[in-house]
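Reviewing the structure listed below.
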Ligand SMILES: [Zn+2]
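Residue numbers (our numbering): 16 to 514.
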């Protein structure tokens, strides 16, 4: 069997002012069909190649690209990438199956549902008999068009997304089984009418992930249940389909899928207050930090509102400024996206000491710049950090600077949320000896940083990704969602427990 694989992905923050351009895709990874290779997609490609080889299938890889989240993608860029992928598909025909590892929350200037449009056009090329399987980030806006045009949608179950390759393997098996007519996938969706944020690293969500898996035939559940997904939604995408949804894929049995989806939606609803992770005021977090006994392992503080992975600029100074005002040192902070500061440090060289203005350059959400007296401790001309699946994430030219008060800052040239501890240690910073580590990341840092932390704190700072779901300035998304209204079902359809 000949299987076509391709991807165009980003998570669009429609409230970000800057558009996503071609440079954003080229910087993070662009693997072209003709002679292409990109380290960013090497783990995905390697896993797919293994799966293909194990089943004696032929893998054909088309365009694969990903951009660090920002505002809506420039329309001409979206159309050019989309058409390149479709041309790759046409050039690869005949194919018996299609796998698309996408995101699910990509928006272009004139398209609110890029994934739906892409799947629809792929369907038009391959026709109705060729199964299309789509892997989605759980921060996706699942649309009717995606559901009707694809045969299978499988979302990551874990946040942080540690199961990208596991879900891809599951999708591969299901798509091949569909192409071989061994299963007939049918999908039922239950809309939760909720806009929130769920961490699967703590209860009750870890238990909910276990429950989803236990229902699946491949994990010992009912063999008719092919796949269960919970799409959390991406709160900062103002599109009509924004919001949390549960969907179940069953083998030919739609009633079974609908029953299970409704049960899981009710479970999500019932645990809404417990799963809501309210951020803590910055000064309260710093009070707790100062109360930590000497010799404790570091506290990890998530500056979640400035997460580049959700479209923020990653140069805000609110935490840095407060640390200085309170005289707190022995803290490592990263990663500040500050091209000018990196350039000044590179030109000055390791060991140079001078006054450097850091951060606060990209708009009101970045706060004011901070003037520091720094020593350049290390320079990496092409720094990287570990991403999920082992793909190195490019940080570009990067530096470590320290202040006399004991603050260690990582400054990078490519906007990156903190994923791997090597973002710091790769430059020589010993994290274990620090009192605290401030990471510009919402939750993906958790996989690598929580094991070395005495505590993980999610701090409430200003910024693009501030947790304030009640007041998100939606225009296209209906206001009938929790927590904006206490009961989004009242007067607007059946209650979540009613079916
Ligand atoms: Zn995500």
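Using N, Cα and C, we set each Cβ at its ideal position, and we do this for glycine too.
Within the present structure, is the beta-carbon of residue i separated from the nearest heavy atom of ligand 1 by less than 7 Å?
i           : result
residue 214 : no
residue 153 : yes
residue 176 : yes
Bridge partners for residue i per DSSP, in chain order?
i           : result
residue 22  : 79
residue 246 : 260
residue 148 : 114 and 167
residue 206 : 260
residue 418 : 389
residue 413 : 395
residue 427 : 352
residue 362 : Paired residue(s): none; residue 362 is not in a bridge.
residue 343 : Answer by DSSP bridge pairing: none, since residue 343 is not bridged.
residue 314 : 451 and 470
residue 281 : Beta-bridge pairing links residue 281 to no other residue.
residue 371 : 387
residue 237 : 231
residue 265 : 201 and 240
Output needed for residue i: all residues of its chain with C-beta closer than 6 Å, excluding positions within five of it in sequence on either side, in chain order.
i           : result
residue 513 : The pLDDT assigned to residue 513 is 39, lower than 50, so where the model puts this residue is not dependable, and the model offers no usable value.
residue 306 : none
residue 437 : 400 and 401
residue 471 : 315 and 465
residue 499 : 485
residue 196 : none
residue 413 : 395, 398 and 427
residue 166 : 146, 147, 193 and 200
residue 50  : none
residue 205 : 261, 276, 277 and 280
residue 390 : 368 and 417
residue 507 : 495
Tell me which residues share the same chain as residue i and place their Cβ nearer than 8 Å to its Cβ, disregarding the 5 neighbours each side in the sequence.
i           : result
residue 125 : 90
residue 383 : 332, 336 and 375
residue 132 : 97, 126 and 160
residue 34  : 85, 86, 87, 88, 89 and 124
residue 177 : 403 and 462
Enumerate in chain order the residues of its own chain whose CB-to-CB distance from residue i is below 7 Å, with the five nearest sequence positions on each side excluded.
i           : result
residue 291 : 211
residue 25  : 35, 81, 82, 84, 88, 118 and 121
residue 443 : 392, 393 and 415
residue 129 : 93, 121, 122 and 123
residue 208 : 258, 495, 496, 497, 503 and 504
residue 424 : 348, 349, 351, 373 and 416
residue 440 : 446
residue 54  : 406 and 407
Would you please verify whether the beta carbon of residue i is less than 8 Å from any beta carbon of chain D?
i           : result
residue 371 : Chain labels in this structure do not include chain D; a single protein chain is all it has.
Say the cut is 7 Å; is the CB of residue i nearer than that to a heavy atom of ligand 3?
i           : result
residue 254 : As far as ligands go, the structure on display features ligand 1 and does not contain ligand 3.
Item to check | Ordered list of beta strand (DSSP E) runs contained in the segment 450-488, each at least 3 residues | outcome: 451-454 and 470-475
Checklist entry - Which runs of the alpha helix (DSSP H) spanning at least 4 residues fall entirely within the segment 32-99, listed in chain order? => result 37-43 and 57-69
Next on the checklist: To test your reading of the DSSP string, which unbroken beta strand (DSSP E) runs of 3 or more residues are found completely within the segment 375-410?
Outcome noted: 385-401
Item to check | the segment 111-119 / the segment 183-192 touching (three or more Cβ pairs under 8 Å) | outcome: yes
Checklist entry - Are the segment 353-372 and the segment 293-308 in contact at 8 Å, needing three or more beta carbon pairs? => result no
Checklist entry - Any contact of the segment 489-496 with the segment 255-271, i.e. 3+ C-beta pairs under 8 Å? => result yes
Next on the checklist: Check whether the segment 222-235 and the segment 456-465 are in contact - that is, three or more C-beta pairs closer than 8 Å.
Outcome noted: no
Checklist entry - Are there three or more Cβ pairs, one per stretch, closer than 8 Å when the segment 230-245 is compared with the segment 261-273? => result yes
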